[in-house]
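Under our numbering, the first residue of the sequence shown is numbered -10, with each subsequent residue one higher. Note that CB positions come from ideal geometry on N, CA and C, so glycine has one too.
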Amino acid sequence: MKNYALLVFDWDGTLMDSEHRIVTCMQLAATDAGRAVPEDAAVRNIIGLGMHEAVSALFPQAGEREISDIIDAYRVHWLGERIPPSSLFPGAETVLRGFAESGYLLAVATGKSRRGLDKVLEETGLGELFHMTRCADEAYSKPHPQMLEDILTDLDTPPAQALVIGDTEYDMQMAANARVDALGVVHGAHSSERLLAEGALTVLDHLQQLPDWLALNAGNKQEMDV
C-alpha cells in the first residue's frame, strides 16, 4: 500500500460542477467573436486545459489576436452575473475538510486562471484548506507536469507520496509525466475509459468515495513516516 501525504485536486469537474457554466461561457464567447458556436461535446473535451490551449484546440484556424479576443470574451461571461454560478459537487467540502483535519497536505492544480480560481476559493470558503494552488497562467498547461512539479517542490513532497485526483485525461497525463499516482472521478468531463487508458489507478463514481478508497488502498495516515 502507498502512503500518501499530499492530495492534489483538479478543480472544474472534480470539486466543482462547472461543466454547464464553462460550456455556456465558451459558446457565448464564440458568438461574440463571430465564430461558429462549438458543440457541447467539443467544449467538454477541452475542459482542464489552460485557456489558450483550450481555445486553440476549439478554433484551430484562429490567429493569436482572435484567440486573445475569445479568451477575453469568455472571462467577461465567466466573471459576470448572467450565468448562474456553479456549485461544489455533493460532499466535496466535507471530504476536503475531513482530509485537512486528518493532516493531509492539500493542493489544487487547475487549468483555471489565478483570477478565476481565487474567485471560487473565496466564494466557497475553501481557500484556507489548501497549502498550495497552481494555475495555468502560472505554469505550462496540463498535461505538462510543471504545475504538479511546482507543488511537489514547494511542499517538499516526493512524487511517491502524492496523489492526483481529477476528471480528465489531462489530469492523468500530468500525473504520469510527474511520476505521481492518479485517481479519476467520472462525474466530470471525460469517461472512465479515457481516464483508465491514461493511467488512472481506478475511477470513482463520486468524490465521496475517496476517503474509503484511501482507507482501503493506502497506508493509515496516522502511521505515515513523512
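{"Item": "Kindly indicate which three-state DSSP category D58 falls into: helix, strand or coil?", "Value": "helix"}
{"Item": "Which of the three DSSP states, helix, strand or coil, is assigned to K(-9)?", "Value": "strand"}
{"Item": "Pairs of beta-carbons, one from the stretch 7 to 25 and one from the stretch 55 to 62, closer than 8 Å: are there three or more?", "Value": "yes"}
{"Item": "Leaving aside the five residues before and after S76 along the sequence, list all residues of the same chain whose C-beta is less than 6 Å from its C-beta, in chain order.", "Value": "D6"}
{"Item": "Alpha carbons only, please: which of L118, C14 and S45 is nearest the one belonging to T83?", "Value": "L118"}
{"Item": "At 4 residues or longer, and completely inside the stretch 9 to 96: list those alpha helix (DSSP H) runs for me, N to C.", "Value": "29 to 35, 40 to 47, 53 to 68 and 81 to 91"}
{"Item": "How is the alpha helix (DSSP H) around V109 delimited, first residue to last?", "Value": "R103 to T113"}
{"Item": "Give me the Cα-Cα distance between R64 and R104, rounded to the nearest whole angstrom.", "Value": "10 Å"}
{"Item": "Could you name each continuous beta strand (DSSP E) segment of 3 residues or more that falls completely within the stretch 142 to 215, going from the start of the chain to the end?", "Value": "151 to 155 and 170 to 174"}
{"Item": "What is the DSSP secondary structure of D6, counted as helix, strand or coil?", "Value": "strand"}
{"Item": "Output needed for E212: all residues of its chain with C-beta closer than 6 Å, excluding positions within five of it in sequence on either side, in chain order.", "Value": "Interpretation of E212 is limited by its pLDDT of 38, a score under 50 that renders its predicted location unreliable; no figure is taken from the coordinates."}
{"Item": "Report all residues from its chain with a CB closer than 6 Å to the CB of L110; omit the five preceding and five following residues, and keep chain order.", "Value": "G116"}
{"Item": "According to DSSP, A125 sits in a beta bridge with which residue or residues?", "Value": "BP columns for A125 are empty, so no partner."}
{"Item": "DSSP three-state label for D1, please.", "Value": "strand"}
{"Item": "Thinking C-beta only, is G100 closer than 8 Å to L38?", "Value": "yes"}
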